[in-house]
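Let me begin by presenting the structure, written as structure tokens, before commenting on it.
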Amino acid sequence: MTTTTEPSTGTTMSLSRALNTGLRAALADDPAVLVMGEDVGTLGGVFRVTDGLAAEFGSDRVMDTPLGEAGIVGTAVGMALRGLRPVCEIQFDGFVFPAFNQITTQLAHLSSRTRGAAHLPLVIRIPFGGGIGAAEHHGESPEAYFTHTPGLRVVACSTPADAHTMIRQAVACPDPVVFFEPKQLYWERGPVDTDLGSAPAMDRAVVVREGSDATLLAYGPTVRTCLDAAEADEERSLEVIDLRSLNPLDTATVAASVARTGGCVVVHEAPVFGGYGAEVAARVTEHCFDALRTPVRRVGGFCAPYPPSRLEHHYLPDLDRVLDAVDRTW
Amino acid sequence: MSGAEGQPLRLLDAEGVYRDHPDLRADFDEAQIRGLYRDMAMVRRLDTECLALARQGELAVWTPLSGQEAAQVGSARSLLPGDMAFPTYRDHGVAWCRGVPPAALLAHFRGVAHSGWDPREYRLHPYSVVVGGHALHAVGYAMGAAAQGTADAAIAYLGDGAMSQGEVNEAFVWAAARRAPVVFVCQNNQWAISEPVERQSAVPLAERARGFGFPGVRVDGNDVLACRAVVRDALARARSGHGPTLVEAVTYRMGPHTSSDDPRRYRTAEEERVWLRRDPLARLRTHLSRTDTDPEKFLASVDEDCDALARELRHACRTLPDPRPGEIWEHVYAQTHPLVAEERGWYADYLDSFEETP
Numbered sequence: 001m002t003t004t005t006e007p008s009t010g011t012t013m014s015l016s017r018a019l020n021t022g023l024r025a026a027l028a029d030d031p032a033v034l035v036m037g038e039d040v041g042t043l044g045g046v047f048r049v050t051d052g053l054a055a056e057f058g059s060d061r062v063m064d065t066p067l068g069e070a071g072i073v074g075t076a077v078g079m080a081l082r083g084l085r086p087v088c089e090i091q092f093d094g095f096v097f098p099a100f101n102q103i104t105t106q107l108a109h110l111s112s113r114t115r116g117a118a119h120l121p122l123v124i125r126i127p128f129g130g131g132i133g134a135a136e137h138h139g140e141s142p143e144a145y146f147t148h149t150p151g152l153r154v155v156a157c158s159t160p161a162d163a164h165t166m167i168r169q170a171v172a173c174p175d176p177v178v179f180f181e182p183k184q185l186y187w188e189r190g191p192v193d194t195d196l197g198s199a200p201a202m203d204r205a206v207v208v209r210e211g212s213d214a215t216l217l218a219y220g221p222t223v224r225t226c227l228d229a230a231e232a233d234e235e236r237s238l239e240v241i242d243l244r245s246l247n248p249l250d251t252a253t254v255a256a257s258v259a260r261t262g263g264c265v266v267v268h269e270a271p272v273f274g275g276y277g278a279e280v281a282a283r284v285t286e287h288c289f290d291a292l293r294t295p296v297r298r299v300g301g302f303c304a305p306y307p308p309s310r311l312e313h314h315y316l317p318d319l320d321r322v323l324d325a326v327d328r329t330w
Numbered sequence: 001m002s003g004a005e006g007q008p009l010r011l012l013d014a015e016g017v018y019r020d021h022p023d024l025r026a027d028f029d030e031a032q033i034r035g036l037y038r039d040m041a042m043v044r045r046l047d048t049e050c051l052a053l054a055r056q057g058e059l060a061v062w063t064p065l066s067g068q069e070a071a072q073v074g075s076a077r078s079l080l081p082g083d084m085a086f087p088t089y090r091d092h093g094v095a096w097c098r099g100v101p102p103a104a105l106l107a108h109f110r111g112v113a114h115s116g117w118d119p120r121e122y123r124l125h126p127y128s129v130v131v132g133g134h135a136l137h138a139v140g141y142a143m144g145a146a147a148q149g150t151a152d153a154a155i156a157y158l159g160d161g162a163m164s165q166g167e168v169n170e171a172f173v174w175a176a177a178r179r180a181p182v183v184f185v186c187q188n189n190q191w192a193i194s195e196p197v198e199r200q201s202a203v204p205l206a207e208r209a210r211g212f213g214f215p216g217v218r219v220d221g222n223d224v225l226a227c228r229a230v231v232r233d234a235l236a237r238a239r240s241g242h243g244p245t246l247v248e249a250v251t252y253r254m255g256p257h258t259s260s261d262d263p264r265r266y267r268t269a270e271e272e273r274v275w276l277r278r279d280p281l282a283r284l285r286t287h288l289s290r291t292d293t294d295p296e297k298f299l300a301s302v303d304e305d306c307d308a309l310a311r312e313l314r315h316a317c318r319t320l321p322d323p324r325p326g327e328i329w330e331h332v333y334a335q336t337h338p339l340v341a342e343e344r345g346w347y348a349d350y351l352d353s354f355e356e357t358p
């Protein structure tokens with residue numbers, strides 16, 4: 001058994017480590033919590049998010065599973081029905097689809113189907129997004145499939161601080177939570193405050209940079225892209241909002257910003273058509289129609305399967321494409 | 001226990017004559033046999049009434065179980081109170097044995113609720129509609145029960161069609177790897193709507209279990225005593241930490257797939273006649289008539305109970321209250337969700353706007 005010192009307030013660590021400490025706290029706080037997935041035990045996860053947890057909490061609470069995503073989520077549903085709080089890891093975004101039926105027809109429906117008798121406090125962690133030079137099916141952004149499914153809560157973290165607090169909030173949440181983790185930011189370092197009391201609620205969007213000329217809406221990996229774009233823009237003052245929660249959407253925070261700036265760009269890596277940004281654009285239009293100078297602009301992936309990694313820098317929204325869209329809000 | 005291939009295990013032959021089997025422990029007394037007969041007769045009557053209610057338009061659809069009473073009652077009566085059952089949409093006999101009231105059973109089929117009972121109260125999961133999706137839930141539930149140090153077991157009901165589903169096969173992998181206290185009862189009723197079982201499997205279904213690493217048993221699904229004995233022993237095995245068992249109950253869906261189905265399009269009347277002669281209810285009745293101390297009185301009392309159940313069902317069906325529109329949003333989430341609250345409020349106002357002003 002390894003002993004790990006809990007990080008104190010303001011400790012700097014990577015996003016992967018912040019998730020790790022969050023999961024450790026969740027496991028320590030509640031004996032009903034367990035972590036399960038492919039290679040999460042002995043190996044500590046391919047991104048080391050569960051590093052050391054099996055040694056600390058045992059292989060029954062940090063469980064290496066057979067290689068089957070439907071099996072991971074399906075058995076987790078059964079465990080939740082028995083009173084446990086499983087945290088499932090799907091190893092990569094593109095591997096979630098074998099579990100799609102379990103997530104959308106089973107997990108998401110069971111509270112309604114049982115008229116509230118069944119609670120499914122399940123977390124499904126999914127590393128998502130591209131930009132790491134990975135192979136096919138390792139760079140996708142499948143969030144819109146899940147935001148479209150009532151019964152699920154869908155969140156995405158973008159900083160070590162949020163990674164730590166949001167994973168703990170997700171584990172404590174009585175509803176199923178699909179938890180997206182930005183792969184390309186796993187090794188980004190930042191301060192982490194382990195005091196949950198000072199953290200914003202899981203379903204709140206956060207203004208991460210204040211500005212007055214246009215609002216950039218982002219989540220997961222594109223938060224950093226938007227912050228870089230705002231920093232690079234010397235002429236205009238750009239506000240950046242990290243949506244954090246995709247379902248529910250914190251419409252009030254978004255609308256308050258756009259009503260003030262009059263311009264809105266929503267940025268994600270997933271294909272634009274039918275993507276999450278379409279929903280955000282529609283909501284912003286409904287709430288801020290009179291304030292908007294132009295239609296809400298969307299920046300994202302193209303109408304093509306995620307490309308081979310030598311082409312991904314063309315496919316992924318970058319600083320220039322974000323600023324090009326900002327140009328078109330005038 | 002033997003019997004993954006070849007002749008299914010059996011205690012009552014087609015003529016209702018009891019014959020000992022070396023692999024089956026069958027020490028059922030008269031009260032137990034009467035109880036099994038009563039259950040089977042009641043669910044047969046429930047089935048007949050509900051099919052009629054569907055034909056009359058009182059139910060949106062009905063999924064008849066006739067022919068499968070022995071497999072359902074024999075297995076479900078082997079469960080202990082703490083065990084959890086995960087049924088399919090045809091397992092009304094299982095619901096009956098778990099004590100679900102008839103009105104609650106009808107809620108799904110009348111369209112007033114997706115499921116009419118509290119799964120915790122009756123230890124019965126909602127009917128599974130997406131075929132095979134619940135097999136993994138049973139395994140996970142069993143894993144949870146074992147992790148909590150209890151002796152509770154789970155039972156997953158499957159049809160022959162579900163045996164082709166990937167999720168069911170994953171459930172077998174998980175259950176074997178974790179030695180989960182779960183029993184899979186596959187009612188092989190020969191038909192997955194119009195697909196005969198021989199078009200779905202190159203081997204007897206029970207034989208597949210061996211490849212996953214646990215026993216598979218073929219039992220005569222129209223012999224309630226054999227089903228009762230086999231599933232009881234499989235549950236005991238699961239409880240004692242020896243892992244899962246696949247029980248293939250060889251039976252027949254005597255009626256249509258649902259009230260909307262027409263089996264004449266895919267199977268012959270001759271086949272139906274052959275299986276009618278193997279009717280599980282008639283078989284046990286013949287046995288009872290020969291062995292019971294007062295069969296006439298007992299069978300008459302069951303008939304009375306069946307008539308009372310039929311009346312209760314018809315009344316319950318027609319008096320099931322329609323749900324309120326607000327129920328659409330009631331349990332989507334356990335915790336407050338702003339969009340759900342917003343839509344619910346808007347729709348209530350919208351409906352109110354139609355109220356006539358005097």
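Line order of the protein sequences matches chains A and B.
For the first sequence, the numbering used here gives the first residue as 1, with consecutive numbering after it.
For the second sequence, the numbering used here gives the first residue as 1, with consecutive numbering after it.
C-beta atoms are modelled at their ideal positions from N, C-alpha and C, and glycine is treated no differently.
DSSP puts C186(B) in a beta bridge; with which residues?
Reading the second sequence from its first residue, position 186 is the one you call residue 186(B). BP columns for C186(B) point to L158(B) and E248(B).
Would S115(B) pass as an interface residue toward chain A - the criterion being a Cβ-Cβ separation below 8 Å?
Here residue 115(B) corresponds to residue number 115 of the second sequence, with the count starting at 1. Closer than 8 Å: yes.
Going straight from the alpha carbon of F212(B) to that of A176(B), what length do you get?
Here residue 212(B) is taken as the residue at index 212 of the second sequence, counted from 1. Here residue 176(B) is taken as the residue at index 176 of the second sequence, counted from 1. The straight-line gap from Cα to Cα measures roughly 7 Å.
Bridge partners for S111(A) per DSSP, in chain order?
Along the first sequence, one-based indexing puts residue 111(A) at 111. Note: S111(A) sits in no beta bridge, so no partner.
So with Cβ pairs under 8 Å, would you call W174(B) a contact of chain A?
Counting from one through the second sequence, the residue named residue 174(B) turns up at place 174. At least one chain A Cβ lies under 8 Å of W174(B).
If we ignore side chains and look at the alpha-carbon of each, how far apart do N20(A) and R168(A) end up?
Residue mapping note: residue 20(A) aligns to position 20 of the first sequence, counting from 1. Residue mapping note: residue 168(A) aligns to position 168 of the first sequence, counting from 1. Distance from the CA atom of N20(A) to the CA atom of R168(A), rounded to whole angstroms, is 10 Å.
Label K297(B) either buried or exposed according to how many other C-beta atoms from any shown protein chain fall within 10 Å of its C-beta, with 16 as the threshold for buried.
Reading the second sequence from its first residue, position 297 is the one you call residue 297(B). Counting Cβ neighbours within 10 Å, K297(B) comes out exposed, since fewer than 16 surround it.
Alpha carbon of P147(B) to alpha carbon of W96(B), nearest angstrom:
The residue labelled residue 147(B) in the question sits at position 147 within the second sequence. The residue labelled residue 96(B) in the question sits at position 96 within the second sequence. Before going further, note that residue 147(B) is Ala rather than Pro in the sequence given. The straight-line gap from Cα to Cα measures roughly 29 Å.
Hey, R10(B) and D223(B): beta-carbon distance below 8 Å or not?
Here the question's residue 10(B) lines up with position 10 in the second sequence. Here the question's residue 223(B) lines up with position 223 in the second sequence. Closer than 8 Å, so yes.
Cβ of V73(B) within 8 Å of any chain A Cβ:
Translated into positions along the second sequence, residue 73(B) becomes position 73. Chain A, which has no Cβ nearer than 8 Å to the Cβ of V73(B), makes this no.
Can you tell me where the beta strand (DSSP E) holding A85(B) begins and where it ends?
Residue mapping note: residue 85(B) aligns to position 85 of the second sequence, counting from 1. First-last of the beta strand (DSSP E) with A85(B): M84 to F86.
On the criterion of 16 or more Cβ atoms from any shown chain inside 10 Å, does R265(B) qualify as buried, or is it exposed?
Reading the second sequence from its first residue, position 265 is the one you call residue 265(B). With fewer than 16 Cβ atoms within 10 Å of its Cβ, R265(B) is classed as exposed.
Would DSSP call P169(B) helix, strand or coil?
Along the second sequence, one-based indexing puts residue 169(B) at 169. The residue you asked about is not Pro; residue 169(B) is Asn in the sequence shown. In the displayed model, N169(B) falls within a helix according to three-state DSSP.
Can you give me the Cβ contacts of T258(B) inside the same chain, cut-off strictly under 7 Å, excluding the 5 residues immediately before and after it?
One-based indexing of the second sequence puts residue 258(B) at position 258. Closer than 7 Å at the Cβ level, and outside the excluded window around T258(B), lie V61, W62 and T63.
Considering only residues of the same chain and omitting the five flanking positions on each side of R210(B), which have a CB-CB separation below 8 Å?
Locating residue 210(B) in the second sequence gives position 210, where the first residue counts as 1. Cβ within range, chain order: A4 and G216.
Along chain A, in chain order, which residues have C-beta atoms closer than 8 Å to that of Y157(B)?
The residue you call residue 157(B) lines up with position 157 of the second sequence. Residues of chain A passing the Cβ test: none, with the nearest at roughly 14 Å.
Going along chain B in order, which residues have a C-beta closer than 8 Å to the C-beta of V77(A)?
Residue 77(A) sits at position 77 when you count from the first residue of the first sequence. For V77(A), the neighbours in chain B by C-beta distance under 8 Å run, in chain order, L136, H137 and G140.
Where the segment 171-185 of chain A meets chain B: residues whose CB sits under 8 Å from a CB there
For the segment 171-185 of chain A, residues whose beta-carbon sits nearer than 8 Å to a beta-carbon of chain B comprise C173, P174 and D175.
Whose CA, out of V154(A), A232(A), H137(A) and E136(A), lies closest to the CA of A144(A)?
Position 144 of the first sequence holds residue 144(A). Considering only alpha carbons, the answer is V154(A).
Check whether the Cβ atoms of A107(B) and L320(B) lie closer than 8 Å to each other.
As a first step, residue 107(B) must be located in the second sequence, where it is residue number 107. As a first step, residue 320(B) must be located in the second sequence, where it is residue number 320. Cβ atoms of A107(B) and L320(B): closer than 8 Å.
Evaluate A156(A) with the Cβ neighbour count: other Cβ atoms within 10 Å of its Cβ, from every protein chain shown; 16 or more gives buried, anything less gives exposed.
As a first step, residue 156(A) is located in the first sequence; it is residue number 156 there, counting from the start. When all chains shown are included, A156(A) counts as buried.
Measure how close the beta-carbons of S309(A) and R189(A) come, nearest whole angstrom, since I'm counting them as under 8 Å.
Residue mapping note: residue 309(A) aligns to position 309 of the first sequence, counting from 1. Residue mapping note: residue 189(A) aligns to position 189 of the first sequence, counting from 1. That belief does not hold up - the Cβ atoms of S309(A) and R189(A) are roughly 24 Å apart, past 8 Å.
With 8 Å as the threshold, decide whether the Cβ of P248(A) is near any Cβ in chain B.
As a position in the first sequence, residue 248(A) is number 248, starting the count at 1. Chain B contact via Cβ: present.
Buried versus exposed, by CB contacts within 10 Å (16 or more), Y315(A):
Along the first sequence, read from residue 1 onward, the residue named residue 315(A) stands at position 315. Classification of Y315(A): buried, given that the 10 Å Cβ count is 16 or more.
Taking the runs of the alpha helix (DSSP H) that are 4 residues or longer, which of them lie wholly in the segment 218-297 of chain B?
224-237, 269-276 and 280-291
Suppose contacts are defined by Cβ-Cβ distances below 8 Å. Is G263(A) in contact with R293(A) by that definition?
The residue labelled residue 263(A) in the question sits at position 263 within the first sequence. The residue labelled residue 293(A) in the question sits at position 293 within the first sequence. Yes; because the gap between Cβ atoms is below 8 Å, this pair is in contact.
Nearest-angstrom Cβ-Cβ length linking V223(A) and S141(A), presumed shorter than 8 Å
Taking the first sequence and counting its residues from 1, the one referred to as residue 223(A) is at position 223. Taking the first sequence and counting its residues from 1, the one referred to as residue 141(A) is at position 141. So it is not a contact: roughly 14 Å between Cβ atoms.
For the segment 111-135 of chain A, enumerate the residues whose C-beta is nearer than 7 Å to any C-beta of chain B, in chain order.
S111, S112, R113, T114, R115, G116, A117, A118 and H119
For V73(A) versus A99(A), is the C-beta distance shorter than 8 Å?
Sequence index remark: in the first sequence, residue 73(A) carries index 73 (1-based). Sequence index remark: in the first sequence, residue 99(A) carries index 99 (1-based). Against a cut-off of 8 Å, the Cβ pair of A99(A) and V73(A) comes out as a contact.
Hey, how far is the Cα of R125(A) from the Cα of Y276(A)?
Translated into positions along the first sequence, residue 125(A) becomes position 125. Translated into positions along the first sequence, residue 276(A) becomes position 276. Distance between the alpha carbons of R125(A) and Y276(A): 19 Å.
Closer than 8 Å to chain B by CB, A70(A)
In the first sequence, the residue the question calls residue 70(A) occupies position 70. By this cut-off, A70(A) is an interface position.
Going by DSSP, what residue range makes up the beta strand (DSSP E) through P191(A)?
Position 191 of the first sequence, counting from 1, holds the residue named residue 191(A). Its beta strand (DSSP E) spans residues R189 to V192.
Over what stretch of residues does the beta strand (DSSP E) that includes G242(A) continue unbroken?
Here residue 242(A) refers to the residue found at position 242 when the first sequence is read from its first residue. Note on identity: in this sequence residue 242(A) is Asp, with Gly being the wrong assignment. Here the beta strand (DSSP E) through D242(A) covers L238 to D242.
With DSSP collapsed to three states, give me the class of G37(A).
Numbered from 1 along the first sequence, position 37 holds the residue referred to as residue 37(A). G37(A) falls in the strand class under three-state DSSP.
Between the Cα of D64(A) and the Cα atoms of E89(A), I90(A) and M36(A), which residue gives the shortest distance?
Position 64 of the first sequence holds residue 64(A). In terms of CA proximity to D64(A), M36(A) leads the group E89(A), I90(A) and M36(A).
Got a sec: does the ligand HEM put a non-hydrogen atom nearer than 7 Å to the Cβ of A308(B)?
The ligand HEM is absent from the structure shown, which contains no ligands of any kind.
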